[in-house]
Amino acid sequence: MPKNEVLLAETDFFHSLSIEETFKRLASSPLGLSSEEVEKRQKQFGKNVLIEEPIAKPSFVGFCNVKWSL
87 MPKNEVLLAE TDFFHSLSIE ETFKRLASSP LGLSSEEVEK RQKQFGKNVL IEEPIAKPSF
147 VGFCNVKWSL
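Residue numbers for the sequence shown follow this note's numbering, beginning at 87 and rising by one.
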């Protein structure tokens, strides 16, 4: 099982852990990650970036102005 899948499986129960235990398991702290740890994780997992994709315009938009009668 790839490391990222193991990490996801291990985080399924994080809601039940104390804050201290959560930081310990994530190798983090309330101050965040050190610069060295950030660089290491970016090399391992890639940058934490969302890719914006254009919103597709539905083909039925032209019909929205049609008034339906009962």
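Cβ coordinates follow ideal geometry from the N, Cα and C atoms, glycine included. Note that the structure is a prediction, hence the values are computed from the model and not measured.
CB contact flag (residue i, residue j, <8 Å)
i      : j      : result
Ser115 : Phe109 : yes
Secondary structure of residue i, DSSP reduced to three states
i      : result
Ser121 : helix
Lys126 : helix
Ile105 : helix
Leu33  : Nothing in the structure corresponds to residue 33, since the chain is present only between 87 and 156.
Closest by C-alpha distance to residue i, when choosing among the options
i      : options                           : result
Asn134 : Glu125, Ile105, Phe99 and Ala113  : Glu125
Gly132 : Glu138, Glu139, Glu123 and Pro140 : Glu123
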